[in-house]
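Novice: Submitted below is the structure of interest, expressed as structure tokens.
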Amino acid sequence: MVRKCPKCYKTLDMDTRFCPDCKCMTRVFDDGIGTPKKKVESTGVYDDWDPPAPVTIYLLKYKVEYSEFKRHGGGTKYEQVVMDLDRHLFNCSTCGFFLEGECEKKGRKVTADSICKSFKP
0 MVRKCPKCYK
10 TLDMDTRFCP
20 DCKCMTRVFD
30 DGIGTPKKKV
40 ESTGVYDDWD
50 PPAPVTIYLL
60 KYKVEYSEFK
70 RHGGGTKYEQ
80 VVMDLDRHLF
90 NCSTCGFFLE
100 GECEKKGRKV
110 TADSICKSFK
120 P
């Protein structure tokens, strides 16, 4: 298997996630001719609304330990996270894995208004 840039077709190391020349996300290919590696789960565009629990988003966003959250609660910040999640303000476009219409975690295109359990604020 080979990792290549889909824009400039430059062959890169397997560890390289982004092409140093064109800053494009690289792809894994089965052979050197450019045939993409086939993945069954990565076909099509991800457009599901499957958010993580509000407490998970709160812990990641405010860098709080779960034990501390259980002792003291989240207060108004936690309520704000719940409201923002209900209004779909947390979505793929605000995720740390989202880059130019693609998800680094899933390795496929995603719609900006979708969300998955791997959301990282």
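Numbering (numbering that gives the first Met the number 0), first residue to last: 0 to 120. Here a beta-carbon is modelled for each residue, glycine too, at the ideal position from N, C-alpha and C. This structure is a prediction, so every number in the text was calculated from the model and none was measured.
(1) Where G73 and L58 are concerned, what is the direct C-alpha to C-alpha distance, given to the nearest angstrom?
(2) If you drop the 5 nearest sequence neighbours on each side, which residues of the same chain put their C-beta closer than 6 Å to that of F97?
(3) Could you tell me the boundaries of the beta strand (DSSP E) in which K3 lies?
(4) Is the number of C-beta pairs between the stretch 80-90 and the stretch 46-63 that are closer than 8 Å three or more?
(5) In angstroms, rounded to a whole number, what distance separates the CA positions of C94 and K3?
(6) Please confirm whether P51 and K104 have their CB atoms less than 9 Å apart.
(7) Inspect the beta-carbon positions of V1 and T15 and report whether they are closer than 9 Å.
(8) My parser needs the alpha helix (DSSP H) runs of 4 or more residues fully inside the stretch 9-95; what are they?
(9) Am I right that V27 and I56 are in contact with their C-beta atoms under 8 Å? What's the rounded C-beta distance?
(10) DSSP beta-bridge partners for C102?
(11) Out of L84, D46, P53, E64, which one is the CA nearest neighbour of T110?
Specialist: Quick answer:
(1) 9 Å
(2) Excluding its 5 nearest sequence neighbours in each direction, F97 has C-beta neighbours in its own chain below 6 Å: C91, listed in chain order.
(3) 1-3
(4) yes
(5) 25 Å
(6) no
(7) no
(8) Fully enclosed alpha helix (DSSP H) runs of 4 or longer: 53-61, 65-71, 74-85.
(9) So it is not a contact: roughly 30 Å between Cβ atoms.
(10) F97, R107
(11) D46
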